[in-house]
Amino acid sequence: TTFVAILDIFGFEQFDENSLEQLFINWANEKLHQVFLDNVFKAEQAEYTAEGINWSTIEFTDNEHTLKLIEARQPVGIVSLLDEECTLPKGDESSFLARIKQAHGAHESF
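Position one of the sequence shown corresponds to residue 1 (our numbering), numbered consecutively onward.
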């Protein structure tokens, strides 16, 4: 059997309830989106500036803050909190959620 799998770069899907699998799918989506932004917008605009090309800045939403929320080590990100929660003897999704809210409740992407 042959198939083609496609993962788009348009960010998070919003469901009433997400699974761990969906978190990782969304994380991969955000990483792909960041690569796209780096290569298409940031790098090209930097090159235009370096070459002295007359152009207008293209405004875009940078998702770096969302990636930091998910994968940062300091301050501790969601994946690190999940890793810690999995090592606790009585770790569960309620305490994991409480720890996320405590650490990132005020974060712009939370």
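Even glycine gets a Cβ: it sits at the ideal position worked out from N, Cα and C.
The alpha helix (DSSP H) enclosing residue i, as first and last residue numbers
i                : result
leucine 32       : 20–36
threonine 49     : 43–50
phenylalanine 15 : Run containing phenylalanine 15: none; DSSP gives neither H nor E here.
isoleucine 127   : Nothing can be reported for residue 127: it is not among the residues displayed for the chain, which extend from 1 to 110.
Buried or exposed (CB count within 10 angstroms, at least 16 for buried), residue i
i             : result
glutamate 119 : With the chain covering only 1 through 110, there is no way to say anything about residue 119.
isoleucine 58 : exposed
asparagine 63 : buried
isoleucine 53 : exposed
glycine 105   : exposed
leucine 69    : buried
histidine 65  : exposed
Chain D contact for residue i (CB, 7 Å cutoff)
i          : result
lysine 101 : Note that chain D does not occur in the displayed structure, where there is just one protein chain.
Q) Do the stretch 33–44 and the stretch 78–91 meet, that is, are 3 or more Cβ pairs less than 8 Å apart? A) no
Q. Are there three or more Cβ pairs, one per stretch, closer than 8 Å when the stretch 17–32 is compared with the stretch 88–99?
A. no
Q. In chain order, which beta strand (DSSP E) runs of at least 3 residues are fully inside the stretch 67–101?
A. none
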